[in-house]
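Report on one structure; see the data block that follows.
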Amino acid sequence: MKIIDTHCHLYLEEFDVDREQVLARARDAGVSKILCPAIDSRTHDRMLEICRLSDGFMIPMMGLHPTSVREDYQEELKVVERYLAENKYLAIGEVGIDLYWDTTYIKEQEDAFLTQALWAASMGVPLVIHSRNSMGHILDLLAKHSIKNLTGVFHCFSGTAEEASKAIDMGFYLGIGGPLTYKKSNLPEIIRNVRRDRVVVETDAPYLPPVHFRGKRNEPSWLNLVLQHLAVIWNISAEEASAITTQNAQRLFQLI
106 MKIIDTHCHL YLEEFDVDRE QVLARARDAG VSKILCPAID SRTHDRMLEI
156 CRLSDGFMIP MMGLHPTSVR EDYQEELKVV ERYLAENKYL AIGEVGIDLY
206 WDTTYIKEQE DAFLTQALWA ASMGVPLVIH SRNSMGHILD LLAKHSIKNL
256 TGVFHCFSGT AEEASKAIDM GFYLGIGGPL TYKKSNLPEI IRNVRRDRVV
306 VETDAPYLPP VHFRGKRNEP SWLNLVLQHL AVIWNISAEE ASAITTQNAQ
356 RLFQLI
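To convert, count from 1 in the sequence shown and add 105; that's this note's numbering.
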C-alpha cells in the first residue's frame with residue numbers, strides 16, 4: 106500500500122531518540138510521504154532542518170498554531186510571513202481556533218486564523234485547520250467571510266455529520282486518524298456517509314494513537330490500523346482505502 110500521512114509532528118523532541126527507526130518503520134508500512142504542520146517560531150527551524158534531512162520524505166508546512174496565539178501573535182504572524190516569502194510551502198498550517206484549553210485569546214485566534222486563510226487563498230495552497238471544540242465556530246467564520254479560492258482540510262475532524270457536510274460543501278477535506286478506531290467514537294457513522302473523495306488520513310503523531318496503542322507515542326507506521334478500520338466502514342479492502350485516501354491527499358496538496 107502507498108500511504109500519505111497528511112499531519113504528523115515527527116520533528117518534535119519526542120522522536121529525537123529514535124526518529125530514523127520511526128521513519129524506517131513508516132517506509133516498511135507503505136508510507137510514501139509525511140506532511141509536517143508548523144507550530145510556532147520555537148519549532149520552525151527544527152522542523153525545516155529535520156524535513157531537509159529526510160530527502161523529501163517529510164514535507165513541511167508553515168503557519169501559526171492556535172494554542173500558540175498570545176498577546177504577541179502579530180509578531181508570530183510576521184515570522185510566518187517571512188518564511189512564506191523566502192520559500193514555497195506545501196500548505197499553510199497548522200492554523201485554526203482551539204476552545205478546549207483556553208478561550209482568553211479567542212479574538213486573537215480568529216484574527217490569526219483569518220489572516221492565514223487569506224494568505225492560503227492568495228497563494229493557492231491548502232489550509233490545514235485545527236478545530237478542537239470550535240468546528241461550528243470556524244465554519245461560521247468561513248461562511249461569514251466567504252474567502253474565495255480557499256480549500257484545505259479539517260485536521261483530526263471531530264464534528265457532527267452536519268458539520269462534515271458543510272465543510273465538504275465549502276470545498277474542504279476531512280482528516281481522519283486514530284480517533285476513528287476509538288470504541289465510543291461517532292466518526293465511523295459520519296465517515297460511512299461522506300464523500301469518499303474528501304477524506305485523507307493522518308496520525309497527528311506523537312498524539313492520538315489508534316485504540317490498540319492508546320497511551321503510547323503515535324507514529325506513521327500505525328496508519329495501517331486506521332486504514333483497516335476505514336476499509337471496514339466503507340466495505341472495501343484496506344488497499345482500496347489506501348488508494349482512495351492517497352489520491353485525495355495528492356489532489357489536495359498538489360503532490361501529483
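By construction, the Cβ of each residue, glycine as well, lies at the ideal position given by its N, Cα and C atoms.
Identified DSSP bridge partners for residue i
i	result
K193	For K193, which the question treats as bridged, DSSP gives no partner whatsoever.
L140	I164
D110	I139
Y278	V258
G241	None, per the DSSP bridge assignment.
V305	G280
V233	G198, V258
Residue i - containing alpha helix (DSSP H), residue span
i	result
V337	328-339
I296	292-297
Minimum C-alpha distance to residue i - residue among the options
i	options	result
L117	C141, A129, S251, N353	C141
P314	V122, L360, T286	T286
Y178	D274, R157, Y210	Y210
M106	Q352, H149, S251	Q352
S173	I155, G201, A190	G201
W206	Y188, E213, L182, R237	R237
P311	G161, A190, W327	W327
C-beta contact flag for residue i and residue j at 7 Å
i	j	result
V101	G280	The requested residue 101 does not occur in the structure, where the chain is confined to residues 106 to 361.
M167	V185	yes
A269	V299	yes
E119	R322	yes
H260	H235	yes
A131	P325	yes
V233	E199	yes
A272	I252	no
L169	D145	yes
G135	I108	yes
Nearest-angstrom Cβ-Cβ length linking residue i and residue j, presumed shorter than 8 Å
i	j	result
L204	S239	5 Å
T350	V258	Contact doesn't hold; Cβ gap of about 11 Å is too wide.
E215	L246	6 Å
P293	I338	5 Å
Start and end residues, beta strand (DSSP E) containing residue i
i	result
H149	Not the beta strand (DSSP E): H149 falls in the alpha helix (DSSP H), residues 149-158.
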